[in-house]
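Peer 1: So that we are looking at the same thing, I have put the structure below in structure tokens.
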Amino acid sequence: MKKYSTIAFLMLTMTLLNIRCSNEFLTPKPLSFYAPENTLVDANGLNSLLIACLSKTRNEYYGDSNPFNSEAVFSDVAVSGCTDETNVQMDLPLQVLPDVPMDTKNHTLGRFWTEGYKRIQYANVVISRMDQAKWNNDEERNNILGKAYFHRANVYYRLVHQYGDVPLVLDEIKEAKLDFFTCSRESILRKCKKDLEFAALWVYTVSPIGDINKAAVNHLLTKVNLSLGAFDDAITSANAVINDGVHKLMTARFGAYKNDPTHDIIWDLHQVENKALAENTERIWLFVSDESLTEDGASQKLAVMRQTTPFWGGAGKIKTPTGQAGITDQSLGANVAGFQVEIDIVGKYGRGIAKIRPSTYSQFDLWDDVNDLRHKFPNWIRMEDLVYNSPILKNISDPYYNKHLQLYASTGVILCTDTIRSWFNWPAYKLFVPDPTNPLPQGGYANWYCFRLAETYLLRAEAYFWKNDLASAAKDVNAVRTRAGCGTYTPTQINIGTILDERARELYYEEPRKTELTRIAYILAQTGKTCYNGKTYNLANFSTNNFWYDRVIEKNKFYREQVRAPFHNYKVAEWIVLWPISATAINANSLGHINQNIGYPGAESNILPLKWIDGPGDGSIVKQ
Amino acid sequence: MNKNNSVGGLLYHSLKKLLLIMRIAIFLLLVEFLQTQATDTYSQNTKLSISFSNTELVKVLDKIENQSEFYFLYNEKLIDANRKVSIEAKDKPIEDVLKSLFSGTDVEYSIIDRKIILAPAILSESQQNGKNITGKVTDLTGATLPGVSIVVKGTTKGVITDIDGNFSISNIPENATLQFSFVGMKMQEFTVEGRTTINVKLEDESIGLEEVVAIGYGTVKKKDLTGAVTRINAEDLKKEATSNMTSMLRGSIPGLAVNLNTSAKGLSSSSDMLVRGQSSLRTDASDMASANAPLIVVDGMIYYGDLSDINPIDIGSFDILKDASSTAIYGARAANGVVLITTKKGKKGKPIINLSSSTGVAYNSPKHFDMNNGKQFIDRRIAGFEANERYQISKGPGYYTSSENLPSGVTLDQWKAYDGSGSGDDLNAIWLNRIGFAPIEIANYEAGKETDFDKYTWQTGLTQDYNMSVSGSNDAVSYYISLGYTKNEGIRYNEGFNTIRSRINLEANITKWLKVGINTQMAFRDESPIAIENNLYNTPYSSMYEADGKTLVYAPSGYVNIPNFWLEMKYHDRSIKYNTMNSKIYGTLKLPYGFTFTSEFMPRFNWNRDYESWSSQHPLWASQGGRASRQNTTISEWQINNILKWNKTFNIHAFDITLVQNAEKNQFWSEYMYRQKFLPNDVLGYHRMQAASEDLEISSNDEVSTGDALLARLNYTLKSRYNFTSSFRRDGYSAFGQSNPRASFWSTAIGWTISEEKFFNVSWMDVLKFRLSYGTNGNRGVGIYDALANLTSQKYVLINNGSAGYVTQLYATRMANSKLKWEQTAAYNSGIDFAIFKGRLRGNLEVYYKQTKNLLIPRLLPDITGYTSVFSNAGQVDNKGFEFALSSVNINKKDFRWNSDFSVTFNRNKIIHLFGDFKTDLVTGNVKEVDDITNKWFIGHAIDQIWDYNILGIWQESEATMAKTYGFSPGDYKIEDVNNDGIFTDADKKFQGYKSPPFRLTFRNNFQYKNWELSIKMYSSLGQSLPNIYLKNGQAYYDRSTYFNVPYWTPENPGNKWTRIMSNETGILYENNSFVRIDNLSLSYNIPRTLLNKFSIANCSFSLVSDNPFVWAPNWSWMDPENNSYTPSFLSLKLNLTL
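So the sequences go chain by chain: A and B.
Residue numbers for the first sequence follow this note's numbering, beginning at 24 and rising by one.
Residue numbers for the second sequence follow this note's numbering, beginning at 10 and rising by one.
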């Protein structure tokens, strides 16, 4: 008894001695992710955050229902084309409200805000940690800092023209913060200008393609300068791009198709194979994506055909005059009701479902020169260029097989059941992007222009226009026009309307149209200049009387005539010039106050926004 | 049990007590009696040496028990155990020792193997008019019961039955009442009334106050329980059990809600269970479920594995710890309740071999909607077009109707000319093109070919479950070994699950003071099959196969975006397999002075292979040249428990102290490769990854977490009617390892069995007990790294010097919160246990109130921060509720027995605080805590309270103009515009009902007639409202898919519930989702023993079991109220054979 109890107690004591309540045992050990403390300490670490900014910016254009579609829908050039959905942006006053989810399967407008502030966060982390990191030299440091400034300014430039006054965040946020206040857009733009001017000094002239370079900084700075009414500065910053010795408009054939006589320079400029070529001097900033490098985390294709080309393949949407389904979107050789497809359309034009649909303005009214290469086959495709390809037609010997599509029968009766979504013309030279792994191509992993020199010309033209230097303005517009084979404008033809027309022709689905229209509306309201439409505007009643609304109503027939789609009538309103601040952002900010834009519920409790003033470091945000 | 003799119930001493007081042990005892009679000579061969002077008899008996394997059965009432005795014996047989102890007393002893029964000698006949009674006591099966105590009521006079269950008692009054009692059996009384023979059948004591319940790191007698613990013996659920353990629990325990099983695998996560309502807040539904999931403990091991790895046949019992005092022993993670699972052990006696098999079918439950047939499909499609497209282009009357059904006044030529089809003569094609038929559909319509896709979607699945177990025990070793194979098919085509599960429970008595054992569970689980999902794009006129009848049509309905739903099954090869092992290796030292020390080491391993390949034979994948992925995941985990216990009784004081030291480490490693473009081809699939030429993803993820705990518990019982429990636990967890690595939790509880008091004199009330408890618990339900900022790295592409290549992007998705700590729940529980009418009616009532504070809550951040939320500790949610359970023996006749179990539970929660942000209302000037409107969490309201638009009905034709001002059309929901501003915003939302059922009811009936047994289990959820999105007729595009055969609004067929096809997105109707479900119906037949004995079979029974045969939800307009979809019912035939 004694013996075993002694042994037992000994064992017990030994076990209990082993019990250590050490806190080390409980220290969390991250094994497969990085911690800020040991990673964001040098140029490499901090630049990786700016790469994330690039990636998030690219997401604006890539994938299905990308946010960029909204830039077209809230403008004069296009409308939402999803006629089979009830939850789409058609009746804008009814559907664009603070409480309504802004990110759905059909549109992702809200991502401009949420993803935009993420980019600001990444940039702010870089800016805040500048002094703790190790640098080889000032050039390295200031290039990184300049790029961070660029990314932050690039978001704010968009936000202030999408949402007006928004909260300005300039520091890394390390713990829960719920007391944000709105800051005036004018002062935010001033801050952007200051940061970009620094960046323009330091960011490298030559960077890897896809990354930010000095020209990109100056291009953005031009837009910011314009917004602030600093037209001379805008001309200076635009000159810094146009005359940098690197960039030049492409006027001669180049690249993969340069020896193909059926094409032209406009075609060459937008082919996927050519965008990243060294000889392409028109490229300023390119989003890079590659079919062989799909492990880049985004795993989003540039589904541009799906977004922008007609839904010609919808069952029974397009009929022959004999009442037969005329066209199939199945690929070459595929079986349709027992017969093989012999005429390939989907492989040639891609499978579109018209998430956005061009307005009559951008399809027809806009085009004032028959020689405009941008509006010519095969750059520009009309529905009538397609043929009835359903193999069933061949089998039943329908006379329309392999004949060109027609919208009306000889009787005058319409043959397309959904002319909103399934019948319109489009710039295929730009909107066709190969999708090699998909038999029903929608747009694969491919490069896309973000900033292109043609826009810099049009921005400088604008600056000259605002300064009433119409001759210089015409010269810049004509540089773009003549390259496309058009005749020139005389200085008297130049006004903000013709500049906007040229932008629409050159930059369809490239420029953030809503932002640019609002920027111009803001300039008109700021300067009080008389617009071509005879009206003058001011900032005080921006939300009830603005150029954005007048332009959209003037040019976009869908909104003007309140065209009926299956579920909605297209409609717009003056206050939509600024999007609503999402209720989610306002509600979560429980200790501060974010103003709502005038016209939306909640604006009645607005307070005077704060403003940014210059000073040491990042300056400060103070009461007005 | 009556207070008069419960104290005098048989007491067993020493370690064996634990075993013996389990009801099950009764049977072992009997088996052993029978078995050992002929062979054992232990009593003759064992020699004892003891020496005592003037010591209480009980101590001497204790000593004998400690020194030998003998133990004593006696009635304290009849034997004076405190009598002082002296004895001096050296190497004497037991016979001699007993002789010396009891010579000269009235105690007679009989030795049966190792058991020694002590009983008073029958008093000599000194009185007249006395009677002699003889008889035999058996259990319900007819087996004799030795050792039953028989007492003349109101006296101390009594006897004990002999080895054959016979008794004889003499010289008792004419009208005497005899009380028959035996541990684990119900006490019975008989008045003599002139009889000379009384044969008694004793029933199992189902009040079970002597029953032992598991309470975590130990057990306690149910009568000494102070907390809210519910035990069910798996044996009781055996007849209705399926191959999945969660089905056993569903509707079986008040206060435990278990989701409905809808798959071949069955539910396998604790997230599918909920004890006493929700107290944690999460934004995501599945996070919410896991944050509120109870803790699962298997044989003392905190079980993080998959529940489907536990074979139901291995389960001996479930104990559900519900209140804070009983769960406090698991402190830091027990706030959501604890489910303790105890697996089976070997039973004393000859080896028991059990074989069981169950074969059955899984079929679609009756509560579902059929798909449209051809005509219904066309009608619906026309209605869809008419409801929506007519607004776009004005079309002539009858545009969408077939040429055969033209409205009056429309000629065929007019009809044809509507869309320029004048020159066509294929009238069907013109018509069908107008309603969006694809060529393939037109061809099938014209050929009169309708396909019922149900046969390609649903199946009657075969379910098979075979199990075998061997168990037994002798003095040195007890063992339980089982092996089971389960192969289930589900109701979805190609849905399947199979598993091989085995268990070894082994315990060896190495010496008298050292016991070692191992409990090991191993499972091989296969979840590979890719089940077919219901596909609304398979219209009745779609084609499954090409003309050859073998090749799958690529797009059955001609809609290229929706490939044939069988292609995936055919060309996507998947192997998902799990090998898991959970084990406990332990040793127990028996120390002097009532101490025992147990050390447990509990490893768990999980090896998971998820291999997939996507063949280039699939038309859509051809250009990828074959894709394949391999993911290997290993989980390695250990837990250690060192448990020191002290168990001692001093007269009226009984102490039970438990001290535990615990530590755990959980490690996870996973690697993944995903590649494409296989060369020369992809026929080897995922077996040869190096044949691929392009990477899609190569990644790995490793995680590690640690935890430790120290805890102490005291159970104290005074006079066996006042119970006191208190516990303390200090926990550490690495997820909170930065600032708050540790937290403390404690509890206390009291119980008072008032029916044991002398003053309590309610004759019809057998037991009445009050319990009261308070305790604090924690919830650590966050990800192990949720307190840390993470920098995720990903690749990105830039072009350097003309060539595209990868660069790294880094970004943070999680804001750090180094102050993160446990969520804490403080809970009060009060309970009443009662048994009346001699146990015919018994039950309990629990009332509780829980306050959960410092909620681990994903605090919504303004998206301006760049983050959505950060895990923080904030807010408070209170839960209150009650559980009432009642069991009754309604009829108890010789051949017929009917008993019922009924329970009703109520739970309601309320958000008391959220983030503690206060704001002055600009209008009213009141200062109010800020709600979280985004997550629909409102201070003062329940988590599950509905806050949404109020649906007034449906806009009718006559209201078209009014509807249009809201952008709505007739057939859309008419929503209440609360503030009359013409638009619908949050200001128009109203508080409506609750999404979780406030009331849950269970009702279970069991009927036994001779060898037949019928049991019916029902449960019900009452009072909840759920959104019925299906009423909106918007789940499928009307122009390219089909739908269920359900109503829809048209001007000709208006209504106020089902909207027009593809109605406006805004507004959801909430319907009362209350339901009653018959969950299980089983009919069994036990083959009579007399027949079985010839074949040496101990037990053989057949059962026919039906799961989910019926559900009734009068106000719910969709399919199964719990699943909202096709739901399986099961019918199986089981055979159970015990050798």
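Just so you know, even glycine gets a beta-carbon here, dropped at the ideal spot from N, CA and C.
1) Quick one: give me the first and last residue of the beta strand (DSSP E) that Trp616(B) is part of.
2) Quick one: is Gln76(B) buried, meaning 16 or more other Cβ sit within 10 Å of its Cβ, or exposed?
3) Are the C-beta of Thr131(A) and some C-beta of chain B separated by less than 9 Å?
4) Ends of the alpha helix (DSSP H) at Cys215(A)?
5) Mind pulling the chain A residues with CB within less than 7 Å of Ile808(B)?
6) Taking contact to mean 3 or more Cβ pairs, one atom from each stretch, closer than 8 Å, check whether the stretch 595–611 of chain A and the stretch 622–629 of chain A are in contact.
7) Kindly identify the DSSP beta-bridge partner or partners of Phe15(A).
8) Give the straight-line distance between the Cα atoms of Ser491(B) and Arg1098(B), rounded to the nearest whole angstrom.
9) Against chain B, which members of the stretch 351–368 of chain A pass a CB distance test of less than 7 Å?
10) Compare the beta carbon distance of Ser207(A) and Leu633(A) with 9 Å and say whether it is the shorter of the two.
11) In terms of alpha-carbon separation, which member of Val771(B), Gly156(B) and Ser743(B) lies closest to Glu712(B)?
12) Under 8 Å, with one C-beta from each stretch per pair, do the stretch 935–955 of chain B and the stretch 284–297 of chain B reach the 3-pair mark?
13) Quick one: what does DSSP say Trp773(B) is sitting in, helix, strand or coil?
14) Compare the C-beta of Thr589(B) with all C-beta atoms of chain A and state if any pair is closer than 9 Å.
15) Mind checking whether Ile143(A) and Tyr805(B) have CB atoms under 9 Å apart?
16) Check distances from the C-beta atoms of the stretch 798–823 of chain B to those of chain A and list, in chain order, the residues that come in under 8 Å.
17) Within the same chain, show all residues whose beta-carbon is closer than 8 Å to that of Glu968(B), passing over the 5 residues directly before and after it, in chain order.
18) Asp997(B) and Tyr958(B) - do their beta-carbons sit closer together than 9 Å?
19) Going by DSSP, name the residue or residues bridged to Asp582(B).
20) State yes or no: is the C-beta of Thr440(A) within less than 9 Å of the C-beta of Glu314(A)?
21) Kindly identify the DSSP beta-bridge partner or partners of Trp755(B).
22) Which residues in chain B have a C-beta closer than 7 Å to the C-beta of Asp122(A)? List them in chain order.
23) When the Cα of Ala517(B) is compared with those of Asn1102(B), Tyr595(B) and Gly457(B), which residue comes out closest?
24) Which residue's Cα is closest to the Cα of Arg868(B): Leu77(A), Asn612(A) and Arg405(A)?
25) Are the beta-carbon atoms belonging to Trp655(B) and Gly603(B) less than 9 Å from one another?
26) Arg1049(B) versus chain A: which residues are under 9 Å apart at the beta carbon?
27) Please state whether DSSP places Leu37(B) in a helix, a strand or coil.
28) Where does Lys145(B) fall in DSSP's three states?
29) Starting from Asp105(B), trace the alpha helix (DSSP H) in both directions and tell me its first and last residue.
30) Helix, strand or coil, according to DSSP, for Ser552(B) in the structure here?
31) Assign Tyr487(A) to one of two classes, buried (16 or more other C-beta atoms within 10 Å of its C-beta) or exposed (fewer than that).
32) Going by the DSSP bridge assignment, what does Gln429(A) pair with across the sheet?
33) With the cut-off set at 9 Å, would you say Ala502(A) and Ile517(A) are in Cβ contact?
34) Whole angstroms are fine: how far does the CA of Lys453(A) sit from the CA of Phe204(A)?
35) Are there 16 or more other CB atoms within 10 angstroms of the CB of Ser8(B), so buried, or fewer, so exposed?
36) Please name the residue, chosen from Thr239(B), Ala532(B) and Gln885(B), that lies closest to Gln287(B) on a Cα-to-Cα basis.
Peer 2: Walking through what the data contain:
1) As a working mapping, residue 616(B) is identified with position 607 in the second sequence. It spans Phe604 to Trp623 - the beta strand (DSSP E) in which Trp616(B) sits, taken as one unbroken run.
2) The count along the second sequence starts at 1 and reaches residue 76(B) at position 67. With a 10 Å radius around the Cβ and a threshold of 16 neighbouring Cβ atoms, Gln76(B) comes out exposed.
3) By 1-based counting over the first sequence, the position of residue 131(A) is 108. No - not a single Cβ of chain B is within 9 Å of the one on Thr131(A).
4) In the first sequence, the residue the question calls residue 215(A) occupies position 192. Unbroken alpha helix (DSSP H) run through Cys215(A): Arg208 to Trp225.
5) Within the second sequence, the letter at position 799 stands for residue 808(B). By Cβ distance, chain A contributes Pro231, Ile232, Gly233, Ala299 and Val311.
6) Touching, per the Cβ criterion.
7) Nothing about residue 15(A) can be read from this structure; chain A reaches only from 24 to 647.
8) The sequence position of residue 491(B) within the second sequence is 482, counting from 1. The sequence position of residue 1098(B) within the second sequence is 1089, counting from 1. Roughly 25 Å separates the two Cα atoms.
9) From the stretch 351–368 of chain A, only Asp352, Gln353, Ala357, Asn358, Val359, Ala360 and Gly361 have a Cβ closer than 7 Å to chain B.
10) Your numbering for residue 207(A) matches position 184 in the first sequence. Your numbering for residue 633(A) matches position 610 in the first sequence. The Cβ atoms of Ser207(A) and Leu633(A) lie closer than 9 Å to each other.
11) As a first step, residue 712(B) must be located in the second sequence, where it is residue number 703. When each option's Cα is compared against that of Glu712(B), the closest is Ser743(B).
12) Segments in contact, yes.
13) Position 764 of the second sequence, counted from the start, is the residue given in the question as residue 773(B). The DSSP-derived three-state label of Trp773(B) is coil.
14) Here the question's residue 589(B) lines up with position 580 in the second sequence. Among the CB atoms of chain A, none fall inside 9 Å of the CB of Thr589(B).
15) Start at 1 with the first residue of the first sequence, and residue 143(A) comes out as number 120. Start at 1 with the first residue of the second sequence, and residue 805(B) comes out as number 796. Note that the C-beta distance between Ile143(A) and Tyr805(B) is not below 9 Å.
16) For the stretch 798–823 of chain B, the set of positions with a beta-carbon nearer than 8 Å to some beta-carbon of chain A reads Ala798, Asn799, Leu800, Thr801, Ser802, Gln803, Lys804, Tyr805, Val806, Leu807, Ile808, Asn809, Gly811, Ala813, Gly814, Tyr815, Val816, Thr817, Gln818, Leu819, Tyr820 and Ala821 in chain order.
17) To locate residue 968(B), count along the second sequence from 1; it is residue 959. Only Pro979 and Lys983 meet the Cβ criterion.
18) As a first step, residue 958(B) must be located in the second sequence, where it is residue number 949. As a first step, residue 997(B) must be located in the second sequence, where it is residue number 988. Cβ distance < 9 Å, so Tyr958(B) and Asp997(B) count as in contact.
19) Taking the second sequence and counting its residues from 1, the one referred to as residue 582(B) is at position 573. Per DSSP, the beta-bridge partners of Asp582(B) are Ser622(B).
20) Locating residue 440(A) in the first sequence gives position 417, where the first residue counts as 1. Locating residue 314(A) in the first sequence gives position 291, where the first residue counts as 1. At the C-beta level, Thr440(A) and Glu314(A) stay beyond 9 Å of one another.
21) Start at 1 with the first residue of the second sequence, and residue 755(B) comes out as number 746. Its beta-bridge partners are Phe737(B).
22) Counting from 1 along the first sequence, the entry for residue 122(A) is found at position 99. Here the neighbours are Thr994 and Asp995.
23) To locate residue 517(B), count along the second sequence from 1; it is residue 508. The shortest C-alpha separation from Ala517(B) is found at Tyr595(B).
24) The residue you call residue 868(B) lines up with position 859 of the second sequence. Here the closest residue by C-alpha is Asn612(A).
25) Taking the second sequence and counting its residues from 1, one reaches residue 655(B) at position 646. Taking the second sequence and counting its residues from 1, one reaches residue 603(B) at position 594. Taking 9 Å as the Cβ cut-off, Trp655(B) and Gly603(B) qualify as a contacting pair.
26) What you label residue 1049(B) is simply residue 1040 of the second sequence in a count that begins at 1. Per Cβ cutoff of 9 Å: Asp107, Gly337 and Ala338.
27) In the second sequence, counting from the first residue as 1, residue 37(B) sits at position 28. Residue placement at Leu37(B) cannot be trusted, given a pLDDT of 34 that sits under 50; the coordinates are not used to answer.
28) Here residue 145(B) refers to the residue found at position 136 when the second sequence is read from its first residue. It is a strand residue.
29) Numbered from 1 along the second sequence, position 96 holds the residue referred to as residue 105(B). Asp105(B): member of the alpha helix (DSSP H) spanning Ile103 to Phe111, first to last residue.
30) Reading the second sequence from its first residue, position 543 is the one you call residue 552(B). Look at Ser552(B) here: in three-state DSSP terms it is coil, with no helix or strand label.
31) Taking the first sequence and counting its residues from 1, one reaches residue 487(A) at position 464. By the 10 Å Cβ count, Tyr487(A) comes out buried.
32) Translated into positions along the first sequence, residue 429(A) becomes position 406. Gln429(A) is not bridged to any residue.
33) Locating residue 502(A) in the first sequence gives position 479, counting from the first residue. Locating residue 517(A) in the first sequence gives position 494, counting from the first residue. For Ala502(A) and Ile517(A), no; Cβs fall outside 9 Å.
34) The residue given as residue 204(A) occupies position 181 in the first sequence. The residue given as residue 453(A) occupies position 430 in the first sequence. Distance between the alpha carbons of Phe204(A) and Lys453(A): 41 Å.
35) Residue 8(B) falls outside the range modelled here, since chain B spans only 10 to 1148, and no answer is possible.
36) In the second sequence, residue 287(B) corresponds to position 278, counting from 1. Residue Gln885(B) is the option with its Cα nearest to Gln287(B).
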